[in-house]
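**Student:** Handing you a structure now.
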Amino acid sequence: MSRLTALSDDFQQSPWLDNLKRSYLTSGQLREIRDRGVRGLTSNPTIFQKAIQGSADYDEQFRELAADPHPVIDDYWAMVLADIHGACDVFSKVYDETDGRDGYVSVEVDPGLAHDGPGTEAAARDLHTRLKRRNLMVKIPATVEGLPAVQQMIAEGRNINVTLIFSLDRHQAVMDAYIAGLEQLAGDPAADLSRVASVASFFISRVDVEVDRRLEAIGTPEALALRGRAGLAQGRLAYRRFAETFSGPRWDALAARGARVQRPLWASTGTKNPEYSDVLYVDGLIGPDTVNTLPEHTMEAFADHGVLERTVDADPAETDRVWQGLADVGVDMDEVAEQLEREGVDSFMKSFDELISALEAKSAELDAG
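Here it is, written out as structure tokens:
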């Protein structure tokens, strides 16, 4: 059994791929990745920017699309949704095999809507309506403005991946929005709560990048000893809160109707510091009812030498010690989370805007030619 398969079969953690490009579909590579044990896929605006600008794989489709007079942004969505449809086809088999637990493909709403709650809600509903795929998850950023949209989409029975979570408090708000949405949906006696799936995408390695920078600026032995430890500690605390939230009478009433927990999804798990293990953020967060979404190089590294061991809640005292240590040396994790959310939204918007500009330029060239 491969490590990727054992991760889900023996540890109830689902490895998903954090990438999508046209060649995965045309070459059959995505089916091969699925058959190695990967159980779903996520995408984002940066991934599509790299895919579309980084290859000629989309040129033929774009030439056909650009021949008709409509905004270039419509061409962008046509290319993206073609890839999402193809990926949903590939992972539909996993959806069937797991009775809807896995097999999901995520696509994100326009990142420019991150602070526009009504716009996010409308965009998420539109993507679900246009794609009409049972194993589609629409990504909604976990901004304050995005939370009502999350609740409303769940209340409508739609699958949602809540992304860009950087703090424990925001993660709690996301879980609360999910439960409140399910409670609204449960008001319909005929509603099938078991067909609603959601994940809460908690970013990990980006936390260490920023916290390590602050620890090095502080420079004391106590601060330097905490480098590379904040991301895992916060993820483990998030898992603890997840276990607490999805238990007790309120949750039990929904579970009795077939509701599924909103699994924590560990995002940003590619190691960015070459001094750290290339599987640090996979090995360190293994546990049941979780997802780890892996860049391809991290997936290959874990398949080669990852350690299969339950770690997400293995040493709670040490997790608490690290978390308290960060506060003691002067790292404000709330401030870190605010900065990373701002940077995360800006990064996706930049990728989206750059790609649209490049497509507009290419369209102009085709018109001139």
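Following this note's numbering from start to finish, the sequence shown increments by one per residue and tops out at 372.
Ideal placement from N, C-alpha and C gives every residue a C-beta, glycine not left out.
#1: Hey, could you find the ends of the beta strand (DSSP E) I163 is sitting in?
#2: Is the segment 330-348 close to the segment 206-215, with three or more CB pairs under 8 Å?
#3: Just curious, the alpha helix (DSSP H) that E111 is in, first and last residue?
#4: Here's the rule: buried if 16 or more other CB atoms are within 10 angstroms of the residue's CB, otherwise exposed. What is G251?
#5: Tell me the DSSP secondary structure of L227 in three-state form.
#6: Exposed or buried, R253, counting other C-beta atoms within 10 Å across all chains shown (16 or more means buried)?
#7: May I have a chain-ordered list of the alpha helix (DSSP H) segments no shorter than 4 residues that lie completely inside the segment 207-264?
#8: When you compare only the Cα positions, how much space is there between T272 and A69?
#9: Please state whether the Cβ-Cβ distance between T296 and A259 is less than 8 Å.
#10: Within 10 Å of its beta-carbon, does I123 have 16 or more other beta-carbons around it, so buried, or fewer, so exposed?
#11: Would you kindly report the start and end of the unbroken alpha helix (DSSP H) that includes T132?
#12: What did DSSP end up calling R266 once you bin it into helix, strand or coil?
#13: If you draw a straight line from the alpha carbon of F205 to that of D370, how long is it in whole angstroms?
#14: Suppose you measure from the CA of M82 to the CA of Y61; what does that come to, to the nearest Å?
#15: Return yes when the Cβ of G309 is within less than 8 Å of the Cβ of V285, no when it is not.
#16: Rounded to a whole number of angstroms, what is the C-alpha to C-alpha distance between V339 and E100?
#17: Quick one, which of Q56, G290 and D105 has its alpha-carbon nearest E312's?
#18: Here's the rule I'm using: 16 or more other beta-carbon atoms within 10 Å means buried, otherwise exposed. How should G57 be labelled?
#19: When the Cβ atoms of the segment 172-184 are set against those of the segment 142-151, are three or more pairs found closer than 8 Å?
**Tutor:** Taking the coordinates as given:
#1: I163 to I168
#2: yes
#3: Here E111 belongs to no alpha helix (DSSP H); instead the beta strand (DSSP E) covers V108 to E111.
#4: exposed
#5: helix
#6: exposed
#7: 208-221, 224-227, 233-248 and 252-258
#8: 37 Å
#9: no
#10: Looking at the sequence provided, one finds Thr at residue 123 rather than Ile. So T123 counts as buried.
#11: G120 to L134
#12: strand
#13: 43 Å
#14: 7 Å
#15: yes
#16: 40 Å
#17: G290
#18: exposed
#19: yes
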